[in-house]
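To keep things clear, I will list the structure first and then write my remarks on it.
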Amino acid sequence: MQARGRRGSSLSTDARRILTVQALRAFVYGLGSVLIGVVLERRGASGVEVGLVLAALLAGSALVSVLIARFGDRLGRRRIYLVLLATMGAAGTVFALTDFVPALVLAALTGTVSTDVVESGPFTSLEQAMLPHAAGNRDPTSLFGAYNTVATLAGSLGALAAGGPTLLDTGSQRWLLAYPIAAAAALAVALSLSPEVGESRELDGDPGPPLHRSRGIVLRLSGLFALDSFGGGFVVQTFIAFWFARTFGTSPETLGLLFFTIGILQAISFQAAVRLAGRIGLL
160 MQARGRRGSS LSTDARRILT VQALRAFVYG LGSVLIGVVL ERRGASGVEV GLVLAALLAG
220 SALVSVLIAR FGDRLGRRRI YLVLLATMGA AGTVFALTDF VPALVLAALT GTVSTDVVES
280 GPFTSLEQAM LPHAAGNRDP TSLFGAYNTV ATLAGSLGAL AAGGPTLLDT GSQRWLLAYP
340 IAAAAALAVA LSLSPEVGES RELDGDPGPP LHRSRGIVLR LSGLFALDSF GGGFVVQTFI
400 AFWFARTFGT SPETLGLLFF TIGILQAISF QAAVRLAGRI GLL
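In our numbering, the protein residues as written are 160 to 442.
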């Protein structure tokens, strides 16, 4: 299967806005992926408590993604996008102000706090549904390559910033207040998205039977993604930060530099994948 030829390199205004929101979100995800693990370790959380919080983060992401798939087009993608951003700010504030595990679990179940830089939860579901409507004359493969690259680069900078609390001799947990700050900025940008971006024009008229002819393809792709996520569940970035901090006493600035380097390599791989897809096809 050959990738479609490049139609152009310009991004529409709405696409730039979506990428800006994503960059703000990825930055605090990168920051949080290091600091949440370090903060839990410094607060003396047990392995069970950390596992409970991380499980809630992953379960919340999956649960909210399912709800969006079911009701997103009825309620409006843009409207849900704004609600999720506001919820992200509130959930991040909980992580910044308390280490009470039940409160952290409830905040985690909102699905708006990620354990990794490039999350695959509700925000990604909405953004990937809205981006094609905002693509302008940008080739889809190139557009989604840019989408992933922006997330990885912004998240890498967030991970690098996780060393700030130690370098400035300040408390790590309060730095998670970057969540509501980023959420407020992202809300301001998302409010300027045109109404057309949030419309589900592909569902106008009779949608037909669920999946219909695409059922086999969707199931195979879902199986592939499930295997990928299963493997990724063993290397959750926040847990890696917690484990390194507890086992080796690794500092946040060292962890941040490590995840920053990994993120840069990931960003390079995303751009390489776009070029390979153009030459040899998507499959």
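Glycine is no exception: its CB is placed at the ideal position from the N, C-alpha and C atoms.
Rounded straight-line distance, which links the Cα of residue j to that of residue i
| i | j | result |
| --- | --- | --- |
| Ala162 | Asp173 | Its pLDDT being 45, under 50, Ala162 is placed unreliably by the model, and nothing is read from it. |
| Leu417 | Ser315 | 9 Å |
| Ala318 | Gly415 | 5 Å |
| Arg184 | Ile439 | 33 Å |
| Leu346 | Gly408 | 37 Å |
| Ala215 | Leu378 | 26 Å |
| Ser220 | Ser169 | 32 Å |
| Ala293 | Tyr338 | 26 Å |
| Phe403 | Gln396 | 11 Å |
| Gly206 | Ala218 | 18 Å |
| Ala431 | Ile423 | 12 Å |
Beta-carbon contacts of residue i that lie in its chain and below 6 Å, excluding the five residues immediately before and after
| i | result |
| --- | --- |
| Leu336 | Ala255 |
| Val209 | Leu199 and Phe401 |
| Gly322 | Pro411, Glu412 and Gly415 |
| Ala342 | Leu244, Met247 and Gly248 |
Residue i burial status per 10 Å Cβ neighbour count (16 or more: buried)
| i | result |
| --- | --- |
| Thr420 | exposed |
| Gly203 | exposed |
| Thr283 | buried |
| Gly191 | buried |
| Val187 | buried |
| Ala262 | exposed |
| Ile399 | buried |
| Ala266 | buried |
| Arg297 | buried |
| Arg372 | exposed |
| Pro354 | exposed |
Proximity test, Cβ basis, 8 Å: residue i and chain C
| i | result |
| --- | --- |
| Thr406 | The structure shown contains no chain C, having only a single protein chain. |
Residue i vs residue j beta-carbon contact at 8 Å
| i | j | result |
| --- | --- | --- |
| Leu178 | Ala305 | yes |
| Met247 | Thr271 | yes |
| Gln181 | Val309 | yes |
| Val277 | Val212 | no |
| Ala313 | Gly189 | yes |
| Leu285 | Ile227 | yes |
| Ala245 | Thr269 | no |
| Thr311 | Phe429 | yes |
Member of the options whose CA lies at the smallest distance from the CA of residue i
| i | options | result |
| --- | --- | --- |
| Ser144 | Gly382, Ala182, Leu290 and Ile340 | Not covered by the structure: residue 144. The range shown for the chain is 160 to 442. |
| Gln287 | Tyr240, Ala313 and Ala250 | Tyr240 |
| Val225 | Gln332, Ser205, Ile340 and Gly280 | Gly280 |
| Leu350 | Val242, Arg372 and Ala431 | Val242 |
| Arg175 | Thr257, Phe303, Asp232 and Val264 | Phe303 |
Beta-carbon contacts of residue i that lie in its chain and below 7 Å, excluding the five residues immediately before and after
| i | result |
| --- | --- |
| Phe384 | none |
| Arg333 | Ala255 |
Contacts around residue i, its chain only, beta-carbon distance under 8 Å, and the 5 residues preceding and following it disregarded
| i | result |
| --- | --- |
| Val197 | Ala321, Ser331, Ala400, Phe401, Ala404, Pro411 and Leu414 |
| Arg434 | none |
| Leu222 | Leu268 and Gly270 |
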